[in-house]
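Worksheet for the structure shown next.
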Amino acid sequence: MSPKPYANPYLAGVLLGLTLLASYLILGAGLGASGGLARAGAFCELALAPARTLASPYFGAWGDQPLRYYLVFMLAGVFGGGLVSALLAGRCVRGVERGARCAPRVRLLLALAGGVISGFASRLANGCTSGQALSGSAVLLTGSLLFLISVFAGGYAAAWFVRRQWRD
Amino acid sequence: MIDTFFSSGTLDTPAAFLASFLIGLAFGVALERAGFGSSKRLAGIFYFRDMAVMKVMFTAVIVAMLGVSYAKAFGWVTTDNVYFLHTLYAAQIVGGLIFGVGFVMGGWCPGTAAVGVASGKIDALLFLAGAVGGSILYNEAYPIMAPLTANDRGVVFGFESLGVSEAAFAFAFTLIAVGCFWGAEVIERRRTGSAGYLNSRFLTVFSAVLVVGAFGLFAARPRQPVAPAATAQESALLTGLQAGADHIGPEDLADRLLGGDASLLPVDIRTPEEFAQFHIRSAVNIPVADLPAALAPHKNRGLIVLYSNGMTHPAQARDSLARLGFGNVYLLTDGLAGFLDACLKPVSLRGEPVPPVQAAKIRAWRAFFLSAPAPAAAPVAAIAAESLSAEVETGWLAQRFGSPNVKIIDLRPQPEYNGGHVPGALSLNIESLRGCVGGLPSMLLPANLLAAHFSLMGLRPEDAIIVIWGDKIQDATLFGMACERLGHRRYAVLRGGFVKWQSEKRPLDTGLPVVTPTSYPAPEAPDAFTVSAREVLAAMSQAGTVILDVRPADYYTGRKRDEARGGHVPGAINRPFSDDVVKAEAYSLLKPTQELAAVYANLIPAKDSPVIIHCRTGHQASQTYFLLTRLLGYTRVRWYDAGWTEWAARSELPVSSETPVPEAAK
Chain A
5 MSPKPYANPY
15 LAGVLLGLTL
25 LASYLILGAG
35 LGASGGLARA
45 GAFCELALAP
55 ARTLASPYFG
65 AWGDQPLRYY
75 LVFMLAGVFG
85 GGLVSALLAG
95 RCVRGVERGA
105 RCAPRVRLLL
115 ALAGGVISGF
125 ASRLANGCTS
135 GQALSGSAVL
145 LTGSLLFLIS
155 VFAGGYAAAW
165 FVRRQWRD
Chain L
117 MIDTFFSSGT
127 LDTPAAFLAS
137 FLIGLAFGVA
147 LERAGFGSSK
157 RLAGIFYFRD
167 MAVMKVMFTA
177 VIVAMLGVSY
187 AKAFGWVTTD
197 NVYFLHTLYA
207 AQIVGGLIFG
217 VGFVMGGWCP
227 GTAAVGVASG
237 KIDALLFLAG
247 AVGGSILYNE
257 AYPIMAPLTA
267 NDRGVVFGFE
277 SLGVSEAAFA
287 FAFTLIAVGC
297 FWGAEVIERR
307 RTGSAGYLNS
317 RFLTVFSAVL
327 VVGAFGLFAA
337 RPRQPVAPAA
347 TAQESALLTG
357 LQAGADHIGP
367 EDLADRLLGG
377 DASLLPVDIR
387 TPEEFAQFHI
397 RSAVNIPVAD
407 LPAALAPHKN
417 RGLIVLYSNG
427 MTHPAQARDS
437 LARLGFGNVY
447 LLTDGLAGFL
457 DACLKPVSLR
467 GEPVPPVQAA
477 KIRAWRAFFL
487 SAPAPAAAPV
497 AAIAAESLSA
507 EVETGWLAQR
517 FGSPNVKIID
527 LRPQPEYNGG
537 HVPGALSLNI
547 ESLRGCVGGL
557 PSMLLPANLL
567 AAHFSLMGLR
577 PEDAIIVIWG
587 DKIQDATLFG
597 MACERLGHRR
607 YAVLRGGFVK
617 WQSEKRPLDT
627 GLPVVTPTSY
637 PAPEAPDAFT
647 VSAREVLAAM
657 SQAGTVILDV
667 RPADYYTGRK
677 RDEARGGHVP
687 GAINRPFSDD
697 VVKAEAYSLL
707 KPTQELAAVY
717 ANLIPAKDSP
727 VIIHCRTGHQ
737 ASQTYFLLTR
747 LLGYTRVRWY
757 DAGWTEWAAR
767 SELPVSSETP
777 VPEAAK
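Chains A and L are the protein sequences, given in the same order. First residue of the first sequence: 5, per this note's numbering; consecutive thereafter. First residue of the second sequence: 117, per this note's numbering; consecutive thereafter.
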């Protein structure tokens with residue numbers, strides 16, 4: 005089955021915006037994704053070095069059950085929603101996404117490195133594209149708007165250096 | 117104002133988790149439908165190849181912005197029921213720049229990567245694993261990065277920063293978004309040649325709807341939120357605090373504490389050393405990492421006021437707590453430094469003239485907050501490393517109260533405790549550790565019940581427990597028996613008890629300490645020192661064991677009795693517990709150890725001779741047990757808890773009213 009075309013981006017944006025609005029009105033907080041990943045990080049570090057983690061100034065504040073947190077469940081929902089939607093649209097295909105002239109190994113290394121950098125930066129900024137750029141900007145928070153601008157500034161500055169992974 | 121999980125403090129409940137999961141589902145569907153399960157499409161924006169990221173994100177931002185702005189105008193949403201992220205310029209700008217690099221390098225961001233994994237993308241899985249690792253890296257690098265997060269501006273809106281109205285800002289923002297949409301379409305047509313949505317009726321109508329929606333905000337007037345039903349005091353307080361957002365001023369705090377406002381809980385998050393040197397009266401000392409657990413009983417009850425020397429750490433701690441649904445955490449404006457400067461600096465040292473009314477207030481504050489002198493600035497000893505003596509002096513305790521691994525138990529009657537106690541002391545009625553066991557009254561409770569009591573009091577096996585007594589040393593030593601039964605050897609009795617502490621004019625507090633319940637482990641095997649009547653009978657009939665009856669002499673001889681039978685266990689010798697105590701000034705002390713050693717050397721042949729101690733209920737006997745085992749070094753001492761109460765009631769057990777000659781004196 006050939007994949008269905010993507011939705012109209014503006015209508016997908018409306019759906020996303022209404023989801024965000026629901027999050028604010030029901031939960032009283034915006035969307036978030038990196039928070040769930042950071043909790044997973046705390047969970048892993050707790051499993052490896054419980055005393056050190058509990059005594060650490062950042063993860064320590066989350067106690068010994070870091071996964072009991074709403075953003076962990078939200079992230080699980082994102083995965084579930086994405087899975088259902090991808091299956092229905094015939095877009096669930098195993099593989100490494102890359103340019104035709106880029107070795108999979110290079111692409112995977114860049115993805116891993118990008119993950120480490122993003123994970124680190126999202127803790128510094130207390131949020132990622134979901135929590136800060138999307139949720140924070142939508143309620144016009146000064147810091148979140150600056151984060152949004154900075155993300156694209158950093159992205160465009162670095163884009164030239166990693167362009168080969170998409171070369172066809 | 118609507119109730120959100122955040123405002124009702126239930127963001128950490130299963131219901132909120134379910135709601136979060138459902139919202140996450142919609143979030144995931146929206147991202148996948150937009151095509152964000154593809155890193156190639158996501159990265160496209162950085163090469164002007166595919167502008168979908170910008171179209172989807174900007175649309176979502178404007179739609180949610182319009183929704184939230186109208187909700188604010190209707191009074192449904194305020195800063196009270198919605199958690200708004202704080203603005204920290206350095207952290208968000210530097211974090212954003214770094215994040216952008218990771219975004220373009222990895223081709224994913226955290227949310228889209230979750231959708232990417234759901235779409236089977238292996239690169240997305242690696243990105244997520246990397247992000248988890250990056251979070252751990254941040255935790256480890258936190259001490260280096262923390263300065264960037266130092267300047268927390270609180271909740272700051274863009275329109276406030278620019279000094280324009282919210283409606284004007286939202287309207288301009290919408291116009292920029294619409295302009296970007298059209299610009300993106302132009303770029304895409306130039307790059308790909310396909311028409312896309314440029315000049316389509318859809319995009320024209322869509323743009324018009326957004327602009328009209330945003331224009332409507334000028335007509336919608338923000339309404340004052342209706343405060344939820346609250347007590348007059350609370351609502352007055354809230355109104356006062358709203359002016360300073362989430363801060364409470366030093367003078368306000370000082371006035372409230374001086375006025376005995378019990379709803380306030382000042383929490384000092386500095387080190388125990390700093391806390392011991394000086395802290396705001398009635399404050400408790402809690403390390404940042406322990407805050408969520410320690411403050412759980414105070415969640416959305418009363419007002420928690422965090423302070424440190426400055427503002428940074430309390431602001432971070434408040435943020436974490438707010439995320440956990442704590443809606444009642446406030447910061448002390450300008451921290452302890454500001455408090456000292458504003459409230460406690462003597463009038464004579466102030467540069468500016470102070471009006472008489474203010475000067476009187478300052479004098480009252482100084483009298484109140486400086487009346488409990490800070491204990492000597494000796495460093496808090498690492499109690500865990502040092503061996504704890506059986507009795508500790510008041511001066512020793514004065515240097516250590518507030519230390520996290522020193523727990524203080526006050527056994528005086530509750531009204532006396534309420535009237536003033538050693539700061540941080542827990543009140544305990546010693547009788548709550550005794551009960552009817554197997555028909556025997558006043559028995560020390562079994563280990564599992566004692567462990568449950570210890571757990572409720574927040575005691576941990578590694579704690580040094582200091583026991584404070586009022587007029588009976590044996591109250592403290594009976595608590596010691598409970599410790600012994602649990603195998604907790606790190607306990608000590610305060611020499612001279614509370615009366616000595618008080619007579620030395622040492623600090624007192626009337627607040628209740630914050631306790632985090634623990635789970636104190638109960639030993640599985642019964643203790644080795646408690647004996648039954650059967651064992652006493654066996655010991656009686658074979659020579660070698662010294663049975664020590666510590667009741668007053670008249671009861672030992674049988675001249676007085678409260679039971680069916682008077683007298684004593686045949687062969688038992690009498691050493692009244694009260695003979696071991698001496699009255700010094702206002703308080704009692706155990707007699708000097710050397711004097712006691714000589715007395716007991718005459719009664720017990722050797723330090724390793726078997727000894728059984730009893731009285732009527734086990735209470736007085738605990739004092740003799742304590743001094744024999746903890747002060748004099750006897751090694752085979754056992755305790756007949758049921759004592760004369762049981763012995764007299766069981767007619768088959770023999771009773772004597774003769775006075776035997778102590779073995780050692782033969």
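Backbone N, C-alpha and C fix where the C-beta goes; we use that ideal spot for every residue, glycine too.
By DSSP's criteria, residue i is part of a beta bridge. Which residues make up the other side?
| i | result |
| --- | --- |
| His537 (chain L) | L:Asp625 |
| Arg550 (chain L) | L:Leu560 |
| Leu456 (chain L) | Note: Leu456 (chain L) sits in no beta bridge, so no partner. |
| Asp526 (chain L) | L:Ser543 and L:Ile584 |
| Leu419 (chain L) | L:Leu380 |
| Ile104 (chain L) | Any answer about residue 104 (chain L) is impossible in this case: the structure gives chain L only from 117 up to 782. |
Between the C-alpha atoms of residue i and residue j, what's the straight-line distance to the nearest angstrom?
| i | j | result |
| --- | --- | --- |
| Lys415 (chain L) | Pro642 (chain L) | 39 Å |
| Ala370 (chain L) | Tyr423 (chain L) | 13 Å |
| Ala176 (chain L) | Tyr14 (chain A) | 8 Å |
| Gly21 (chain A) | Ile178 (chain L) | 7 Å |
| Pro770 (chain L) | Arg681 (chain L) | 10 Å |
| Gly153 (chain L) | Leu141 (chain L) | 14 Å |
| His202 (chain L) | Gln208 (chain L) | 10 Å |
| Gly365 (chain L) | Thr133 (chain A) | 36 Å |
| Ala48 (chain A) | Thr57 (chain A) | Sequence check: residue 48 (chain A) is Cys here, not Ala. Straight-line Cα distance between these residues: approximately 10 Å. |
| Arg98 (chain A) | Pro408 (chain L) | 42 Å |
| Leu46 (chain A) | Ser251 (chain L) | The displayed chain sequence assigns Ala, not Leu, to residue 46 (chain A). Spanning the two alpha carbons is a distance of roughly 8 Å. |
| Arg149 (chain L) | Asp166 (chain L) | 15 Å |
| Ala129 (chain A) | Ala245 (chain L) | 19 Å |
| Gln69 (chain A) | Leu440 (chain L) | 12 Å |
| Ile524 (chain L) | Gln739 (chain L) | 19 Å |
| Arg105 (chain A) | Gln169 (chain A) | 8 Å |
| Leu333 (chain L) | Leu114 (chain A) | 44 Å |
| Ala438 (chain L) | Tyr199 (chain L) | 8 Å |
| Glu256 (chain L) | Ala51 (chain A) | 15 Å |
| Arg102 (chain A) | Ser154 (chain A) | 26 Å |
| Lys237 (chain L) | Lys156 (chain L) | 11 Å |
| Arg732 (chain L) | Leu513 (chain L) | 33 Å |
Let me know if residue i comes out buried or exposed under the rule of 16 or more other beta-carbons within 10 Å of its beta-carbon.
| i | result |
| --- | --- |
| Ala180 (chain L) | buried |
| Pro7 (chain A) | exposed |
| Ala431 (chain L) | buried |
| Gln474 (chain L) | exposed |
| Gly123 (chain A) | buried |
| Val328 (chain L) | exposed |
| Thr784 (chain L) | Nothing can be reported for residue 784 (chain L), as the shown portion of chain L is limited to 117 through 782. |
| Val325 (chain L) | exposed |
| Thr228 (chain L) | buried |
Do residue i and residue j have their C-beta atoms closer together than 8 Å?
| i | j | result |
| --- | --- | --- |
| Ala230 (chain L) | Gly144 (chain L) | yes |
| Ala758 (chain L) | Ala655 (chain L) | no |
| Glu507 (chain L) | Val609 (chain L) | yes |
| Thr761 (chain L) | Asp724 (chain L) | no |
| Phe243 (chain L) | Gly159 (chain A) | no |
| Tyr73 (chain A) | Arg43 (chain A) | yes |
| Tyr636 (chain L) | Ala567 (chain L) | yes |
| Phe273 (chain L) | Leu29 (chain A) | no |
| Asp625 (chain L) | Ser767 (chain L) | no |
| Arg830 (chain L) | Pro692 (chain L) | The requested residue 830 (chain L) is not part of the displayed model; chain L covers only 117 to 782. |
| Leu381 (chain L) | Leu419 (chain L) | yes |
| Phe614 (chain L) | Arg528 (chain L) | yes |
| Met173 (chain L) | Cys296 (chain L) | no |
Can you give, in chain order, each stretch of the alpha helix (DSSP H) that sits fully within the stretch 143-190 of chain L and has at least 4 residues? 155-159 and 168-189
Whole beta strand (DSSP E) elements within the stretch 669-701 of chain L, 3-residue minimum: 697-700
Just to confirm the assignment: which complete alpha helix (DSSP H) runs, minimum length 4, are found wholly within the stretch 360-399 of chain L? If you keep only unbroken alpha helix (DSSP H) runs of at least 4 residues inside the stretch 360-399 of chain L, you get 366-374 and 388-393.
Which runs of the alpha helix (DSSP H) fall wholly inside the stretch 33-79 of chain A and span at least 4 residues, in chain order? Complete alpha helix (DSSP H) runs here, min 4: 38-52 and 54-59.
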